[in-house]
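Visitor: Just so we're on the same page, the working numbering is the position in the sequence shown counted from 1, plus 517.
We treat Cβ as the ideally placed atom computed from N, Cα and C, and that holds for glycine.
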Amino acid sequence: LGLDRRQFQPEVYALGPRPAEPRAELVRQLEREGVPTHFIGVRSNSQILTAISRLAGMLRRQQPHWMQSFLFHANTVGTLAARRAGVPHRVMGVRVADPSRWRARVERRLARRADAVVCVSQSVAEHCRRRGYDADKLHVIPNGYDIEHFAAARPIAMPHFGFGADRRVLTFVGRLDRQKGLDWFLPLLPRIFEQAPDVDFLIVGDGPERGDLEHRVKAAGVSHRVVFAGWQPDVLAILAASLALVLPSRWEGMPNVVAEAMGVGLPVICSRADGVEQLLGPLAERQVATFGEADAFVRLITAIVCDDSLRRELGAANRQRLAERFSLRAMIEAFERLYLSLDTASGR
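1) Are the segment 545-553 and the segment 566-576 touching by the rule of at least three beta carbon pairs closer than 8 angstroms?
2) So the candidates are 823, 519 and 817; which of them puts its Cα closest to the Cα of residue 663?
3) Starting from residue 866 and walking both ways along the beta strand (DSSP E), at which residues does that stretch end?
4) Report yes if the C-beta distance between residue 832 and residue 784 is below 7 angstroms; otherwise report no.
5) Hey, could you find the ends of the alpha helix (DSSP H) residue 620 is sitting in?
6) Looking at residue 596 and residue 621, is the spacing between their C-beta atoms short of 7 angstroms?
7) Would you mind sorting residue 782 into buried or exposed? The rule is 16 or more other CB atoms within 10 Å of its CB.
8) How many angstroms separate the CA atom of residue 696 from the CA atom of residue 668?
9) Thinking just about the alpha-carbon of each residue, which of 617, 527 and 543 is nearest to the one in residue 579?
10) Would you say residue 755 and residue 658 are within 7 angstroms of each other, going by their C-beta atoms?
11) Report the rounded CA-to-CA distance for residue 787 versus residue 766, giving the unit in angstroms.
12) Of all the options 529, 530, 540 and 521, which has the alpha carbon lying nearest to the alpha carbon of residue 749?
13) Have a look at the DSSP bridge pairing and note the partners of residue 584.
14) Where does residue 856 fall in DSSP's three states?
15) Tell me, please, whether the segment 804-822 touches the segment 697-709 by the rule of three or more beta-carbon pairs shorter than 8 angstroms.
16) Going by the beta-carbon positions, is the gap between residue 801 and residue 769 smaller than 7 angstroms?
17) Look up residue 554 in the DSSP assignment and say whether it is helix, strand or coil.
18) Starting from the C-beta of residue 759, find all residues in its chain whose C-beta is less than 6 angstroms away, skip the five residues before and the five after it, and write them out in chain order.
19) Please give the ranges of any beta strand (DSSP E) in the segment 621-674, keeping only runs that are unbroken, at least 3 residues long and fully inside the region.
20) Residues in the same chain with beta-carbon distance under 7 angstroms from residue 819, minus the five sequence neighbours each way, listed in chain order, please.
21) Using only the alpha-carbon positions, how far apart do residue 735 and residue 624 sit?
22) Per DSSP, which residues does residue 718 bridge with? Please list them.
23) Name the two residues that bound the continuous alpha helix (DSSP H) containing residue 760.
24) For the candidate residues 602, 665 and 627, whose alpha-carbon lies nearest to that of residue 592?
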């Protein structure tokens with residue numbers, strides 16, 4: 518939304534259908550800002566050829582100068598459709614260090630048809646180099662954040678989710694799939710709860726592993742202290758009411774939810790995933806543990822939840838670091854410079 522409208526007139530294309538309420542708020546925000554939004558309307562991976570054909574037709578009608586895509590499916594559809602439609606400049610966005618080898622092969626081939634590949638962190642760029650991407654096409658542009666928006670968050674009342682008014686709540690936010698590591702983390706909860714008897718756990722998000730994760734919570738005997746809240750419209754309000762964010766991911770790029778937690782002044786408890794350490798910098802030492810090291814993870818969590826002064830110190834330091842290092846304006850200007858440089862390189 519912050520692109521210089523004297524030089525750029527953005528339009529947004531989404532692979533799926535228009536979202537239903539309450540998830541349509543982002544679409545309304547784009548439309549209020551004068552950004553046309555289009556929906557390709559596909560619902561499964563089996564429709565990828567349909568998606569490419571539909572998007573190519575849309576792009577031929579619009580005739581954009583640049584096409585920017587993000588994440589695997591949009592990179593696949595967007596790059597191929599833009600090439601078919603004759604879009605002059607194609608830019609892919611890689612946001613996670615995905616360990617899938619077949620996806621890496623696909624994106625590496627796509628990158629040959631792109632002018633640039635934007636990586637969300639230095640560690641993601643290094644991952645792409647190891648997977649054989651053309652190093653000259655890789656550009657690191659970290660996420661940028663609206664710090665004032667984060668600071669304005671007002672805490673939600675946790676009894677809204679069924680917690681007692683005297684309970685303190687740790688929160689996870691993310692898609693419920695293998696990447697996020699909850700299958701490994703949930704069996705640790707009895708040990709954490711034993712040392713922090715007034716603490717409960719809130720899981721915000723949905724995904725293919727929800728049923729399995731609910732079974733793991735039941736098997737661990739902690740169903741009465743864990744709530745699956747599903748998708749929620751106001752994550753900032755939830756984080757602002759939480760003790761800390763827990764994110765035990767197997768891999769990441771630069772997770773927005775960590776930045777959101779930092780922005781509301783919250784400590785974070787994360788696995789040592791790509792991009793997390795770039796966000797936290799020297800603050801990672803007291804907030805990060807290696808995935809799979811159960812004892813270290815439990816010690817990290819209990820140290821933070823049982824020490825109010827440490828929690829306040831880390832939260833304040835997190836907010837300050839985010840404000841100083843990851844501004845929204847810096848990110849927007851980096852994208853603008855990249856797009857204009859592609860014109861210069863091609864002599865346009």
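Guide: Considering the structure as presented:
1) no
2) 519
3) Missing from the structure shown is residue 866; the chain here goes from 518 to 865 and no further.
4) yes
5) 618-628
6) no
7) buried
8) 29 angstroms
9) 527
10) no
11) 7 angstroms
12) 540
13) 607
14) helix
15) yes
16) no
17) strand
18) 686 and 688
19) 633-636 and 655-657
20) 709, 712 and 713
21) 39 angstroms
22) 687 and 743
23) That residue, residue 760, is in no alpha helix (DSSP H); it is neither H nor E in DSSP.
24) 627
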